[in-house]
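**Student:**
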């Protein structure tokens, strides 16, 4: 393996705590992350892209719909409810640590892709995870009326060697792909070859270790501004601007829009008008005065004449224009210009302010701004105050920690994870967590992120989710229960502190946090986890809710609470002593014919007596000669508890 790739892989292994995996599996995880990052505007777990053991030819599969990775049928249903048009990509990945591209292995890879789209009767036997993805694929085609165009297929074959155009493999690839390309069910089929140079450049793009140059004509410098190192405004050719948007595959780079508060909205009225302008040669020449322009924030800016070089930049305003320009780049001529502001800031708070103000000038969904509020900034501060062993990292802006190699990405909590973990654990709604986070914010706006809430419960909800996901990664919990991870944390909280909902009651919430955090520190969390899993398995075994609906059913959640209540009641019940139990006793009184004892037990029924005939196998003249006050011995319960006479249990001394 190339030494540079090896160093990147080692960094990735530390970031995701993959030390237990073989190098080959860790490399698959690494490549899946590098490639799928191009498609997703939000944080994702590369583990959901990984295929399971025995899947021939495929190391990673992702279904991407409107820049969201779909791994569950409920998610695609939610996306369809939220969007009128769907943009679908089926992404397949094969990763090899070898130094040579293999025609036979590439053939197996393409065979695996073809099998994915085969009918059930012709498809080779596969595993449960792949069947779920096939179910999602079928659902998409069954609802094809919502598709903006036929789905695309992108195939990625990664190898640590060097691609040789003269090796003849390309011809085999073309022949193998012809049936897919001829199939009208797909609008495009592309094959991407990733050799060691391509892997290196892709990882650098993911880490934003990139720079781009652009010619800025008639540039003006902003006057000195507090918090801004330097800033410029000027004209840039639209053709040149597109070079800032694309990666080495010619694909638009999603990660340069992470600080933009909204994704591409498709060809709505405004974006369609931009497209019409670009199609008209006269209007295209007027583009700079017809368009609001672009705002770019960069970590560093260097100026040489008319050339502006930017390092680690974000397009914080102008996402819609950027996508339309990218889609219509073949129609753009040299006479079309954009007005661009380029800003190098001295701290992130200034960047936040720029993002907020530039995007407030156009209509943006309210959920896009939620994480920029004071509550979320203080919540992030609370996360940072937790001792290192238990520290998580609240990601207010998508992928904001991706540049920091020292932070475990498993410990990064996205806004979506924060919402769903709190919703499940403290609002008792684990069955609703599959819904889009914006929809959840709107539905629970009066119950979540309240100014009167404590920050502690949001952190502890995220921590319990992190803990449970860690148990799945370490295979301590069966992967068959993965769809119930939110039910698990909901049950754990009910087991440890009860199930009452305490929105806005900071004092009560802090008490719950203290108990839950203490449980995590003293390993009582393991007890809660085991109890919760057993309760979930018990409900699964007897519920009337169909298996495919259980994790999103309110009825299933209520049955889970009933099961937890039974366990909690049993644990709280102190009336557990019964006849034939052998118990330790302390003598507290001696009379002529019986001994009064106190049973050493947590049972509230601790009183007992032993008749003289049950003290020894011999005649006793004086009972006080046989037993003494304070003496401790074992005795067996031989008679029921007598509540009326307050004698307690009838016992027989062990002799």
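Residue numbers (the working numbering): 4 to 658. For glycine and all other residues, C-beta sits at the position ideal for the given N, C-alpha and C.
Counting pairs of beta carbons, one from the region 216-224 and one from the region 171-180, are three or more of them closer than 8 Å?
**Tutor:** no
**Student:** Reducing DSSP to helix, strand and coil, say where residue 535 ends up.
**Tutor:** helix
**Student:** Quick check on the DSSP output: what are the complete alpha helix (DSSP H) runs of length 4 or more inside the region 429-475, in order along the chain?
**Tutor:** 440-446
**Student:** What are the boundary residues of the beta strand (DSSP E) that includes residue 302?
**Tutor:** 297-307
**Student:** Can you give me the Cβ contacts of residue 389 inside the same chain, cut-off strictly under 8 Å, excluding the 5 residues immediately before and after it?
**Tutor:** 395, 462
**Student:** Would you be able to state if there are at least three C-beta pairs under 8 Å between the region 464-474 and the region 422-430?
**Tutor:** Flag = yes, the region 422-430 and the region 464-474 touch.
**Student:** Taking the alpha helix (DSSP H) that residue 506 falls in, what are its first and last residues?
**Tutor:** For residue 506, there is no enclosing alpha helix (DSSP H), as DSSP marks it with neither H nor E.
**Student:** Count the other C-beta atoms from every protein chain shown that fall within 10 angstroms of the C-beta of residue 68, then say buried if there are 16 or more, exposed otherwise.
**Tutor:** buried
**Student:** Spatial neighbours of residue 100 within its chain, please: CB distance less than 7 Å, with the 5 preceding and 5 following residues excluded, ordered by chain position.
**Tutor:** 4, 26, 27, 30, 163
**Student:** By how many angstroms is the C-alpha of residue 577 removed from the C-alpha of residue 655?
**Tutor:** 22 Å
**Student:** Under 8 Å between the Cβ atoms of residue 93 and residue 7?
**Tutor:** no
**Student:** If distances are taken between C-alpha atoms only, which option among 507, 126, 35, 647 comes closest to residue 48?
**Tutor:** 35
**Student:** Taking residue 493 and residue 453 to be in contact with their CB atoms under 8 Å, please state how far apart those CB atoms are, rounded to whole angstroms.
**Tutor:** Not quite, the Cβ-Cβ distance comes to about 20 Å (not below 8 Å), so this is no contact.
**Student:** Kindly provide the ranges of any beta strand (DSSP E) runs that are 3 or more residues long and lie completely inside the region 208-262, ordered along the chain.
**Tutor:** 214-218, 220-224, 231-240
**Student:** Flag this pair as touching only if the region 512-519 and the region 584-599 have three or more C-beta atom pairs under 8 Å; answer yes or no.
**Tutor:** no
**Student:** Between which residues of its own chain and residue 613 is the CB-CB distance below 7 Å, once the five residues before and five after are set aside?
**Tutor:** For residue 613, where only same-chain residues beyond five positions count, the Cβ hits under 7 Å are 597, 598, 600, 638, 654, 655, 656.
**Student:** Between 530, 104, 456, 334, which lies nearest to residue 509 when the distance is taken from Cα to Cα?
**Tutor:** Checking every option, the nearest Cα to that of residue 509 belongs to 456.
**Student:** Quick one: grab the DSSP three-state call for residue 115.
**Tutor:** Helix.
**Student:** Would DSSP call residue 4 helix, strand or coil?
**Tutor:** Residue state, collapsed to three classes: coil.
**Student:** To the nearest angstrom, how far is the alpha carbon of residue 229 from that of residue 89?
**Tutor:** Roughly 43 Å separates the two Cα atoms.
**Student:** So is the beta-carbon of residue 114 under 7 Å away from any non-hydrogen atom of the ligand COA?
**Tutor:** In the structure shown, the ligand COA is absent, as is every other ligand, since no ligand is present at all.
**Student:** For residue 702, which option in 357, 269, 243, 216 has the closest C-alpha, if you only look at C-alpha atoms?
**Tutor:** Because the chain spans 4 through 658 in this model, residue 702 falls outside it and cannot be assessed.
**Student:** Given a threshold of 16 other Cβ atoms within 10 Å of its Cβ, counted over all protein chains shown, does residue 341 qualify as buried or as exposed?
**Tutor:** Of the other Cβ atoms in all chains shown, 16 or more fall within 10 Å of the Cβ of residue 341; this residue is therefore buried.
**Student:** So is residue 23 buried or exposed if we call it buried at 16+ other beta carbons inside 10 Å?
**Tutor:** exposed
**Student:** List, from N- to C-terminal side, the beta strand (DSSP E) runs of 3 residues or more that fit wholly inside the region 20-106.
**Tutor:** 63-68, 71-73, 91-99
**Student:** Cα separation between residue 275 and residue 334?
**Tutor:** 15 Å
**Student:** Would you identify the three-state DSSP class for residue 384, choosing helix, strand or coil?
**Tutor:** helix
**Student:** With a Cβ-Cβ cutoff of 8 Å, do residue 681 and residue 83 count as a contact?
**Tutor:** One cannot answer for residue 681 here, as it falls past the ends of the chain, which runs 4 to 658.
**Student:** Flag this pair as touching only if the region 375-388 and the region 269-285 have three or more C-beta atom pairs under 8 Å; answer yes or no.
**Tutor:** No, the region 375-388 is not in contact with the region 269-285.
**Student:** Around the Cβ of residue 620, are there at least 16 other Cβ atoms within 10 angstroms (buried) or fewer (exposed)?
**Tutor:** exposed
**Student:** How long is the line joining the alpha carbons of residue 409 and residue 77, rounded to whole angstroms?
**Tutor:** 34 Å
**Student:** So what does DSSP say about residue 624, is it helix, strand or coil?
**Tutor:** Judged by DSSP in its simplified three-state form, residue 624 adopts coil rather than helix or strand.
**Student:** What residue from 348, 37, 320, 328 has the CA that sits closest to residue 277's CA?
**Tutor:** 328
**Student:** Here's the rule: buried if 16 or more other CB atoms are within 10 angstroms of the residue's CB, otherwise exposed. What is residue 433?
**Tutor:** Buried is the label assigned to residue 433, since at least 16 other Cβ atoms lie within 10 Å of its Cβ.
**Student:** Is residue 592 helix, strand or coil when you go by DSSP?
**Tutor:** Three-state DSSP puts residue 592 in a strand.
**Student:** Candidates 167, 349, 484: which alpha carbon is nearest residue 304's?
**Tutor:** 349
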